[in-house]
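Here's the structure, in structure tokens; my notes come after.
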Amino acid sequence: MTTAGGEQAEREQELTGRVVASFEGAPDERLKQVMQSLTRHLHAFLREVRLTEHEWQQGIEFLTAAGHITDDRRQEFVLLSDVLGASMQTVAINNEAYGDATEATVFGPFFVQDAPQAELGADIAGGARGEPCWVSGTVSDAAGNPLPGARIEVWEADADGFYDVQYDDHRTAARAALVADGQGRYSFWGVTPTPYPIPDDGPVGAMLAAVGRSPMRASHLHFMVSSPGCRTLVTNIFVRGDELLDRDSVFGVKESLVKDFQRLGPDDPTPDGRLTSDTWTRVEFDIVLAPGEQ
Ligand code: BEZ
Ligand code: FE
Numbered sequence: 560m561t562t563a564g565g566e567q568a569e570r571e572q573e574l575t576g577r578v579v580a581s582f583e584g585a586p587d588e589r590l591k592q593v594m595q596s597l598t599r600h601l602h603a604f605l606r607e608v609r610l611t612e613h614e615w616q617q618g619i620e621f622l623t624a625a626g627h628i629t630d631d632r633r634q635e636f637v638l639l640s641d642v643l644g645a646s647m648q649t650v651a652i653n654n655e656a657y658g659d660a661t662e663a664t665v666f667g668p669f670f671v672q673d674a675p676q677a678e679l680g681a682d683i684a685g686g687a688r689g690e691p692c693w694v695s696g697t698v699s700d701a702a703g704n705p706l707p708g709a710r711i712e713v714w715e716a717d718a719d720g721f722y723d724v725q726y727d728d729h730r731t732a733a734r735a736a737l738v739a740d741g742q743g744r745y746s747f748w749g750v751t752p753t754p755y756p757i758p759d760d761g762p763v764g765a766m767l768a769a770v771g772r773s774p775m776r777a778s779h780l781h782f783m784v785s786s787p788g789c790r791t792l793v794t795n796i797f798v799r800g801d802e803l804l805d806r807d808s809v810f811g812v813k814e815s816l817v818k819d820f821q822r823l824g825p826d827d828p829t830p831d832g833r834l835t836s837d838t839w840t841r842v843e844f845d846i847v848l849a850p851g852e853q
């Protein structure tokens, strides 16, 4: 492919300029900025790769298929954003580092509003298959003050790699909302995270296969943590030693979020006296919220 030169380049540039100018009259300044910049970058991309008309058609078919598979339970466009790193770039732009504040990462499509409230120390697995995992820690602000009453929402896939919402039976499992105690502490029993593929039976999965990329996510557990006066944190914790840490399909892994999941057996005493006949794990995750808006 060669870049156009001379009169051809001028014609292409002139078209870009006309489209950019067409947004001049937008009454909303921000919308104008976004649309003009989108036009410049989109045209630059088309010109750089010298897109063929056949490829343009394939692109339209890809987006059409993404629309067709999307419904209120499946969001193929979020998946597309995730595998292109656009979700993580947006997270990076909007969650600047602040002191020791815990780093944010990808939200994913499996959060559910109004998850059931669980007592501290409760088993949130709710029948989800998996090895028991005791998760505990504190929530504090960036000055080190504990945040009693902080809201901690957690959700995770079962050992078969599925979230409750991916089953057709309307179950609620491996998700809960907890409230930190007077010292900002929280704890619960969940399941030890295991690797799973992002939904790959649609156009995004086909694209990953075509480019030789894996749909697998590194093992993780999702958190959304909020407290008045603090920036709401959306994050995951990852399992040290997981071989997918450097190949997460949605680029969500950050070193500070990789935690030691201590492996324990039936003879090891559990924190709350729960009896286990099998192996279990425990992990500590202290959460620090940056100042900001909820
Ligand atoms: C998830 O971790 O739940 C997820 C993230 C991005 C795409 C698909 C799933
Ligand atoms: Fe996930």
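The C-terminal residue of the sequence shown carries number 853 in my numbering, and the numbering is unbroken. From the three backbone atoms N, C-alpha and C, an ideal C-beta is built for every residue, glycine too.
Residue closest to residue i, alpha-carbon to alpha-carbon, out of the options
i: Ala656; options: Ser815, Asp819 and Pro825; result: Ser815
i: Glu690; options: Trp748, Ser640, Arg790 and Pro758; result: Trp748
i: Val724; options: Leu780, Ala585, Val671 and Gln821; result: Val671
i: Met674; options: Gly685, Asn704 and Gly584; result: Position check: residue 674 holds Ala in this sequence, whereas Met was assumed. When each option's Cα is compared against that of Ala674, the closest is Gly685.
i: Thr731; options: Arg799, Gln567 and Gln676; result: Gln676
i: Tyr745; options: Val713, Met647, Pro774 and Ala765; result: Val713
i: Ile846; options: Ala735, Asp700, Leu834 and Ala769; result: Asp700
i: Asp831; options: Leu643, Glu635, Ala849 and Asp682; result: Asp682
i: Glu635; options: Glu566, Asp760, Asp837 and His779; result: Asp760
i: Gln901; options: Thr840, Phe810, Gly703 and Asp827; result: An answer regarding residue 901 cannot be provided, because it is not within the stretch 560 to 853 covered by the chain.
i: Ala736; options: His729, Val784 and Tyr722; result: Val784
i: Val738; options: Gly680, Val793 and Gly764; result: Gly680
i: Thr902; options: Lys818, Ser836 and Arg833; result: With the chain covering 560 to 853 only, the question about residue 902 has no answer from this structure.
i: Gly851; options: Cys789, Val842, Leu803 and Ala769; result: Cys789
i: Ser836; options: Asp826, Gly743 and Asp740; result: Asp826
i: Asp717; options: His729, Val750, Pro705 and Gly741; result: Val750
i: Glu678; options: Arg833, Asp740 and Asp728; result: Asp740
i: Glu843; options: Val770, Gly720 and Cys692; result: Cys692
i: Leu601; options: Thr575, Gln617, Gly626 and Ser581; result: Thr575
i: Arg632; options: Tyr722, Arg606, Ile619 and Arg710; result: Tyr722
i: Ser581; options: Glu571, Gln595 and Pro762; result: Gln595
i: Pro762; options: Arg776, Gln617 and Leu848; result: Gln617
i: Asp807; options: Pro774, Thr829 and Gly824; result: Pro774
Check: residue i C-beta below 7 Å from any heavy atom of the ligand FE
i: Ala603; result: no
i: Arg688; result: no
i: Gly618; result: no
i: Arg776; result: yes
i: Ala674; result: no
i: His600; result: no
i: Ala732; result: no
i: Ala718; result: no
Check: residue i C-beta below 7 Å from any heavy atom of the ligand BEZ
i: Phe810; result: no
i: Leu643; result: no
i: Val793; result: no
i: Gly749; result: no
i: Gly667; result: yes
i: Leu803; result: no
i: Leu638; result: yes
i: Ile796; result: no
i: Ile896; result: What is shown of the chain runs 560 to 853, which leaves residue 896 out entirely.
i: Ile711; result: no
i: Ile757; result: yes
i: His779; result: yes
CB-CB length for residue i against residue j, believed under 8 Å
i: Leu638; j: Pro758; result: 7 Å
i: Glu715; j: Pro756; result: Not really, about 15 Å apart at Cβ, beyond 8 Å.
i: Asp805; j: Pro754; result: About 13 Å separates the two Cβ atoms, so there is no contact after all.
i: Val698; j: Ser786; result: 7 Å
i: Ala645; j: Asn654; result: The Cβ separation is near 15 Å, so there is no contact.
i: Leu767; j: Val642; result: 6 Å
i: Val579; j: Thr598; result: 5 Å
i: Ala687; j: Ala733; result: 4 Å
i: Ala709; j: Gly658; result: No, Ala709 and Gly658 are not in contact; Cβ-Cβ is about 17 Å, not under 8 Å.
i: Leu848; j: Leu706; result: 7 Å
i: Arg606; j: Glu571; result: 6 Å
Which full runs of the beta strand (DSSP E) of 3+ residues lie inside the segment 714-776, going along the chain? 734-738 and 744-750
Stretch-stretch touch, CB-based, cutoff 8 Å, three pairs: the segment 588-597 with the segment 565-577: no
Decide if the segment 797-808 is in contact with the segment 770-788; the criterion is three or more beta carbon pairs, one per stretch, under 8 Å apart. yes
State whether the segment 806-815 contacts the segment 660-671, with contact taken as three or more CB pairs (one from each stretch) at a distance under 8 Å. yes
May I have a chain-ordered list of the alpha helix (DSSP H) segments no shorter than 4 residues that lie completely inside the segment 633-691? 635-642 and 645-653
Counting only runs that start and end within the segment 788-844, where is the beta strand (DSSP E) found for 3 or more residues in a row? 792-798, 821-823 and 839-843
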